[in-house]
Every structure is written in structure tokens, then in C-alpha cells.
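Enquirer: One structure, pasted below without further comment.
Chains as they are written, first to last, in the working numbering: chain D, 1 to 274; chain W, 1 to 266.
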């Protein structure tokens with residue numbers, strides 16, 4: 001009886017073997033990309049240095065400027081993280097409120113969806129004006145606004161798309177509203193919420209970096225990129241972009257791991273883990 | 001009303017929407033303690049609606065339902081109902097044990113008492129070794145047994161079952177029928193059971209309420225005098241077939257037009 005649903009024991013070695021076969025094509029593409037960047041583009045297509053410096057030149061700039069670049073990256077990452085935390089938690093709370101008071105939700109939702117289609121990054125100069133060019137708050141707020149709408153829309157969808165019989169079950173237990181949220185609506189909304197969080201962490205990095213382009217502290221990564229370009233230090237600019245990319249991917253990975261942990265019960269997570 | 005009456009339905013009607021589609025009309029039914037009553041009828045006869053009104057999940061347009069001498073709403077607030085739906089309605093993020101313990105949590109039982117009772121329930125439905133599995137790791141029949149264990153865990157006065165085995169294959173269904181009867185005799189619960197299957201209704205019930213559609217009405221009650229406890233052999237007894245025939249004839253007599261209509265549709 002028990003063997004029916006027991007997890008199938010996996011041959012560790014064989015699964016590593018299969019993994020490497022799965023990963024090999026992606027690694028090959030990466031290597032080809034580096035080769036193209038280093039030799040094919042500058043030597044075959046004669047692309048100029050100011051358009052795209054060689055990979056080795058970027059890596060060398062990355063190494064020489066590592067102190068400045070990483071501290072700038074960390075500065076901007078903190079802004080993105082703060083904006084992410086602020087925007088997402090606010091969106092979650094508003095989502096809770098709108099799912100509870102459906103009339104208000106129905107009145108506001110068309111605007112939320114319309115606002116989701118607005119290029120919010122266009123407001124970056126405005127938040128700079130509101131909170132001061134040099135204040136980290138001008139970047140935190142633009143990152144928070146970028147995160148807010150996708151998380152709100154998905155949270156609301158998750159909280160309200162609970163199957164009616166689950167609600168009837170709770171009703172039969174004379175469950176309080178708080179209990180229905182705690183035991184049913186919030187857990188079943190989490191897959192939706194995490195999907196939005198993965199979008200939001202990318203948007204937060206974009207908001208923080210692009211926010212700098214409209215002016216900001218010299219410690220920030222966006223300013224580093226901008227001033228390197230204006231000084232024709234293209235290698236440094238690309239190295240700074242590399243830092244932004246690494247931080248962005250790391251941010252995404254952290255959220256994805258958190259999702260795995262929080263949704264370990266979810267069939268889809270178990271399914272992809274096998 | 002006698003002291004032994006658990007459910008008493010008087011003059012109950014339900015209309016839906018402004019157009020006033022009559023789902024149920026003048027329903028009268030008394031159910032005694034320990035009774036196993038099946039509601040059977042064609043699609044659209046309102047049997048699931050009736051079950052949900054008894055459980056105070058939806059409200060009647062007129063009429064009264066009392067459970068243990070209380071209005072249905074009071075009974076729900078007192079947690080007198082255990083409900084089993086056609087779908088198991090288990091929460092994927094909870095293990096089997098925690099799904100069964102859900103109503104106990106809501107009743108504020110402490111952890112030790114909860115664990116004891118969940119253990120008993122797992123034993124009752126013979127799923128002890130699956131306590132820490134998640135619902136989606138179980139077969140459909142096992143999931144429905146978890147759902148039954150959850151409904152019984154807090155010893156409700158009344159068990160409401162809405163086609164609980166309707167989505168299962170015939171073999172699993174017959175096995176769970178026997179299991180349900182065993183559980184019913186062990187717990188002494190009172191059951192209202194909605195089904196499409198005449199055989200299932202006769203096999204399980206002490207009484208079968210036959211319903212007609214448009215408007216939904218109870219058109220007759222068949223007392224099932226098959227001896228207890230019932231076993232797989234019960235299905236082969238002549239009396240079983242007589243009762244099946246009686247229920248079938250009553251269904252046809254009252255809803256012949258609907259049956260024909262459905263037959264021509266398919």
C-alpha cells in the first residue's frame with residue numbers, strides 16, 4: 001500500500017549525468033556567445049570599441065574598477081530591494097483590502113489594469129523632483145511604483161479565484177473571515193503572488209538603475225554607467241552593466257528560491273523538481 | 001417533534017433569480033437520529049440545493065429547517081454539520097493529517113487532542129501510512145476517504161454528502177460504499193446522501209427520498225428494510241432488486257417526461 005505514493009528513489013549519479021546532458025547545450029551557447037563577443041564581432045564585423053568593447057576589455061575594466069562598481073551596485077541594489085519590499089507589501093495589503101471589499105475593488109480594478117499598461121518609468125524625473133535627486137527615496141519610490149501594480153493585480157486574482165466549494169466548506173465550519181483568509185485565501189493565492197514577485201524584482205532593478213539616469217548620487221550604479229559613457233570609458237560602462245545584470249539575476253534567483261520553499265507543497269514545484 | 005428527530009424540513013421552497021425559477025417546492029421531510037436518507041432524482045431536481053439549504057450554505061425562499069431543534073443557521077454556527085462534496089475539496093498545502101485536523105483547529109482543540117483524533121480518523125478510513133502525504137499524491141478514492149475522515153473528525157450531529165462517490169469508478173465506488181456503511185455503524189451518525197445511482201441509494205440507505213424535477217419535489221419515500229449490517233451479498237438478494245425496481249418505477253412514474261427528455265438528448 002505505502003509504495004503507491006512513496007517518492008521514487010532517484011539514482012543520484014544518473015540524475016547528475018542526465019542533468020549535465022540537459023545543461024550542455026546551454027553551456028555551449030554561452031561559450032559561443034563569449035567567442036563571438038571577444039573575436040567575431042570586433043575582428044570579423046569590425047564593430048567599433050565605443051559600440052561594443054571586447055569581452056576581455058570589459059572583464060579587465062570590471063577587475064580594475066571592482067571596488068567602485070560593486071559598492072555602486074550594492075548602493076543601487078539596496079534601493080531596488082527597498083522599493084521591492086515597499087511596493088510589494090503595500091500591493092499585497094491593498095489586494096487583501098480590495099478582495100474583502102469587492103465593491104471598492106470593482107470600482108478601482110479597471111484603473112489598476114489601465115495603470116499597469118502605463119510606462120511608469122516615465123515618472124522617474126517626477127519622483128526625482130518630489131524626493132530630491134540625491135535622496136535614495138526618489139529611486140525607492142519609482143521602484144516601488146513599478147512593483148505595485150503587477151503584484152496587486154495577481155494578489156487580487158489569487159485571493160478571489162478560490163473554488164466555491166472550498167468556501168462552502170469553510171462556511172460549514174462557521175469560520176470567521178480572518179480564518180478564511182488565513183487558512184484558505186492567502187495560501188491558495190501564493191502561487192499567483194510569487195509569479196508577480198518574480199516580475200517585480202526585475203522591475204525594481206530597472207526602476208533603481210533607470211531612476212539614476214535622470215540624476216542621482218555619484219555612488220549609484222546608473223550614474224556610474226552614465227558618466228563612464230560620457231567620458232568615453234565604454235569598458236567601464238559595460239562592466240557596470242555586467243554588475244547590474246549579476247545583481248538582477250541574483251535578485252531573481254533569491255525570489256525563485258523563496259518561492260520553492262514557500263510552495264514546497266505545490267504539485268508544480270514538486271513536478272519540476274523531479 | 002419527537003426527541004429523536006434530527007432534521008425537520010417544513011414547507012420549504014426555493015426560487016432562483018428574478019425570473020423565479022422554482023428549484024424546490026413544498027418540501028417536507030423528517031429525519032430521525034441514526035437515519036441514512038438518500039435523495040435521488042433526475043438532474044435539476046434540486047437535490048444538491050436541498051442539501052445545501054439543510055446545511056445553511058444557501059438560504060431557502062420560504063419554509064423552515066430545524067436541526068436538533070435549532071434553526072439551520074444556529075446549527076451551522078454550533079458546528080453540527082460535516083460536509084462531503086463530490087470533489088474531495090482538500091487543501092493542497094496541507095498534509096492528509098492536517099486536512100483532517102482542519103475543523104478541529106477551527107474548534108480550538110489543542111495540538112495533543114487534535115493529534116489523537118486525527119490518528120483515530122486515519123485508522124477509521126485506513127490511511128494511517130499516508131498521514132504526511134499531500135492530497136495530490138493520493139488516488140481519487142483515497143482523497144475522498146480523507147474528505148470523509150475530515151467531515152467526521154469533530155463528531156458532527158449530521159453528515160451531509162453531495163454525490164461523494166460520483167466521480168469515482170464503479171469498483172472504487174462499491175468498496176467505499178461498504179466502507180461508508182462500516183463507518184456509519186461505528187459512529188452512529190445521521191446521514192443525508194445525494195446520489196444519481198439507484199443501486200447506491202438502496203444499498204446504503206434506511207430510507208430513499210425520490211424527487212422529481214421542475215419544480216423539485218419529494219414525490220415519495222421508500223423504506224429500505226434490508227437487514228443490517230449490509231455486505232457485498234446484500235446486492236444479490238431478491239429484496240435488494242425489488243427495492244431497486246420500486247425506486248426506479250417511482251422515478252419513472254413522477255419524472256417519466258424528464259427521463260424521456262434526457263434519453264432523447266443523449
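Glycine is no exception: its CB is placed at the ideal position from the N, C-alpha and C atoms. Note that this is a predicted model, so its numbers are computed, not measured.
Along chain D, which residues have their Cβ under 9 Å away from the Cβ of residue 106 of chain W?
Expert: For the purposes of this step, residue 106 of chain W is taken as residue 106 along the second chain, with counting starting at 1. Those within 9 Å of residue 106 of chain W in chain D are 170, 173, 174, 175, 176, 179, 183.
Enquirer: Whose Cβ in chain C lies nearer than 9 Å to the Cβ of residue 132 of chain W?
Expert: The structure shown contains no chain C; the protein chains it does contain are D and W.
Enquirer: Flag this pair as yes or no: are the beta carbons of residue 86 of chain D and residue 153 of chain D separated by less than 9 Å?
Expert: Stepping through the first chain from its first residue, residue 86 of chain D is reached at position 86. Stepping through the first chain from its first residue, residue 153 of chain D is reached at position 153. In this structure, residue 153 of chain D does not lie closer than 9 Å to residue 86 of chain D by Cβ.
Enquirer: With a cut-off of 8 Å, do at least 3 Cβ pairs link the stretch 49 to 64 of chain D to the stretch 195 to 214 of chain D?
Expert: At 8 Å Cβ cutoff, the stretches do not touch.
Enquirer: For a contact defined as C-beta to C-beta under 8 Å, what are the partners of residue 83 of chain W on chain D?
Expert: In the second chain, counting from the first residue as 1, residue 83 of chain W sits at position 83. Within chain D, the residues near residue 83 of chain W are 168, 169, 172.
Enquirer: Using CA coordinates, which residue listed in W/230, W/242, W/240, W/194 is at the minimum distance from residue 50 of chain W?
Expert: Taking the second chain and counting its residues from 1, the one referred to as residue 50 of chain W is at position 50. Of the listed residues, the one whose Cα sits closest to residue 50 of chain W is W/194.
Enquirer: For residue 25 of chain W, report the span of its beta strand (DSSP E) as first-last.
Expert: Taking the first residue of the second chain as position 1, residue 25 of chain W is located at position 25. First-last of the beta strand (DSSP E) with residue 25 of chain W: 21 to 32.
Enquirer: Work out the CA separation of residue 67 of chain W and residue 5 of chain W for me, nearest whole Å.
Expert: For the purposes of this step, residue 5 of chain W is taken as residue 5 along the second chain, with counting starting at 1. For the purposes of this step, residue 67 of chain W is taken as residue 67 along the second chain, with counting starting at 1. One C-alpha to the other measures close to 8 Å.
Enquirer: Report yes or no: is there a C-beta of chain W within less than 9 Å of the C-beta of residue 259 of chain D?
Expert: Counted from its first residue, the first chain places residue 259 of chain D at position 259. It does not: the Cβ of residue 259 of chain D has no partner Cβ on chain W nearer than 9 Å.
Enquirer: At the 9 Å Cβ level, is residue 79 of chain W part of the contact set with chain D, yes or no?
Expert: One-based indexing of the second chain puts residue 79 of chain W at position 79. Closer than 9 Å to some Cβ of chain D, the Cβ of residue 79 of chain W qualifies, so yes.
Enquirer: State the start and end residues of the unbroken alpha helix (DSSP H) segment that holds residue 40 of chain W.
Expert: The residue given as residue 40 of chain W occupies position 40 in the second chain. That residue, residue 40 of chain W, is in no alpha helix (DSSP H); its beta strand (DSSP E) goes 36 to 40.
Enquirer: Taking C-beta to C-beta, are residue 247 of chain D and residue 156 of chain D nearer than 9 Å?
Expert: In the first chain, counting from the first residue as 1, residue 247 of chain D sits at position 247. In the first chain, counting from the first residue as 1, residue 156 of chain D sits at position 156. No. Outside cutoff.
Enquirer: At the level of alpha carbons, what is the spacing between residue 256 of chain D and residue 115 of chain D?
Expert: Indexing the first chain from 1 puts residue 256 of chain D at position 256. Indexing the first chain from 1 puts residue 115 of chain D at position 115. Those two C-alpha atoms are separated by around 26 Å.
Enquirer: Run through the stretch 176 to 235 of chain D for me and flag every whole alpha helix (DSSP H) of 4 or more residues, listed as ranges in chain order.
Expert: Listed in chain order, the complete alpha helix (DSSP H) runs (minimum 4 residues) inside the stretch 176 to 235 of chain D are 177 to 180, 186 to 213, 221 to 230.
Enquirer: Helix, strand or coil, according to DSSP, for residue 91 of chain W in the structure here?
Expert: The residue you call residue 91 of chain W lines up with position 91 of the second chain. In the structure shown, residue 91 of chain W sits in coil (DSSP, three-state: anything other than H, G, I, E or B).
Enquirer: I'd like to check one pair, residue 226 of chain W with residue 234 of chain W: are the Cβ atoms closer than 9 Å?
Expert: The residue given as residue 234 of chain W occupies position 234 in the second chain. The residue given as residue 226 of chain W occupies position 226 in the second chain. Yes, Cβ-Cβ distance for residue 234 of chain W and residue 226 of chain W is below 9 Å.
Enquirer: According to the Cβ coordinates, are residue 206 of chain W and residue 36 of chain W closer than 9 Å?
Expert: Numbered from 1 along the second chain, position 206 holds the residue referred to as residue 206 of chain W. Numbered from 1 along the second chain, position 36 holds the residue referred to as residue 36 of chain W. For residue 206 of chain W and residue 36 of chain W, yes; Cβs fall inside 9 Å.
Enquirer: Examine chain W for any beta-carbon lying closer than 9 Å to the beta-carbon of residue 265 of chain D, and answer yes or no.
Expert: Counting from 1 along the first chain, the entry for residue 265 of chain D is found at position 265. Yes, contact with chain W.
Enquirer: With a floor of 4 residues, list each alpha helix (DSSP H) that falls wholly inside the stretch 104 to 187 of chain W, ordered by position along the chain.
Expert: Entirely contained in the stretch 104 to 187 of chain W, the alpha helix (DSSP H) runs reaching 4 residues are, in chain order, 111 to 124, 140 to 152, 170 to 187.
Enquirer: Taking only beta-carbon atoms, is residue 197 of chain D less than 9 Å away from chain W?
Expert: Here residue 197 of chain D corresponds to residue number 197 of the first chain, with the count starting at 1. With 9 Å as the cut-off, residue 197 of chain D does not count as an interface residue toward chain W.
Enquirer: With a 10 Å radius around its C-beta and 16 neighbouring C-beta atoms as the bar for buried, classify residue 173 of chain D as buried or exposed.
Expert: Residue 173 of chain D sits at position 173 when you count from the first residue of the first chain. Buried, by the Cβ-count rule.
Enquirer: Counting contacts by CB-CB distance shorter than 9 Å, is residue 184 of chain W in contact with chain D?
Expert: Start at 1 with the first residue of the second chain, and residue 184 of chain W comes out as number 184. Taking Cβ atoms only, chain D never reaches closer than 9 Å to residue 184 of chain W, which makes this a no.
Enquirer: Which class does residue 213 of chain W belong to by DSSP, given the choice of helix, strand or coil?
Expert: One-based indexing of the second chain puts residue 213 of chain W at position 213. Correct three-state label for residue 213 of chain W: coil.
Enquirer: Where do the N-terminal and C-terminal ends of the beta strand (DSSP E) with residue 10 of chain W fall, by residue?
Expert: Here residue 10 of chain W corresponds to residue number 10 of the second chain, with the count starting at 1. Looking at the DSSP string, the run of the beta strand (DSSP E) that includes residue 10 of chain W is 5 to 16.
Enquirer: Residue 188 of chain D CB to nearest chain W CB: under 9 Å?
Expert: As a first step, residue 188 of chain D is located in the first chain; it is residue number 188 there, counting from the start. With 9 Å as the cut-off, residue 188 of chain D counts as an interface residue toward chain W.
Enquirer: Kindly say whether residue 89 of chain W, judged by its beta-carbon, lies nearer than 9 Å to any beta-carbon of chain D.
Expert: As a working mapping, residue 89 of chain W is identified with position 89 in the second chain. Yes, contact with chain D.
Enquirer: From which residue to which residue does the alpha helix (DSSP H) around residue 49 of chain W run?
Expert: On the second chain, position 49 is the one that residue 49 of chain W refers to. Here the alpha helix (DSSP H) through residue 49 of chain W covers 47 to 54.
Enquirer: For residue 104 of chain D, which residues in the same chain have their Cβ closer than 7 Å to its Cβ, ignoring the five residues on either side in sequence?
Expert: On the first chain, position 104 is the one that residue 104 of chain D refers to. Closer than 7 Å at the Cβ level, and outside the excluded window around residue 104 of chain D, lie 98.
Enquirer: Classify residue 39 of chain D as buried or exposed, calling it buried when 16 or more other Cβ atoms lie within 10 Å of its own Cβ.
Expert: Here residue 39 of chain D is taken as the residue at index 39 of the first chain, counted from 1. Exposed: under 16 other Cβ atoms inside 10 Å.
Enquirer: Is there a Cβ of chain D sitting closer than 9 Å to that of residue 76 of chain W, yes or no?
Expert: Here residue 76 of chain W refers to the residue found at position 76 of the second chain. Output row for residue 76 of chain W: interface = yes.
Enquirer: What does a CB cutoff of less than 8 Å around residue 247 of chain W pick up in its chain, not counting 5 residues either side in sequence?
Expert: Mapped onto the second chain, residue 247 of chain W falls at position 247. If we look at residue 247 of chain W and ignore the five residues flanking it on each side, its Cβ neighbours are 40, 198, 201, 202, 208, 210, 222.
Enquirer: Quick one: what's residue 193 of chain W bridged to in DSSP?
Expert: By 1-based counting over the second chain, the position of residue 193 of chain W is 193. Per DSSP, W/38, W/161.
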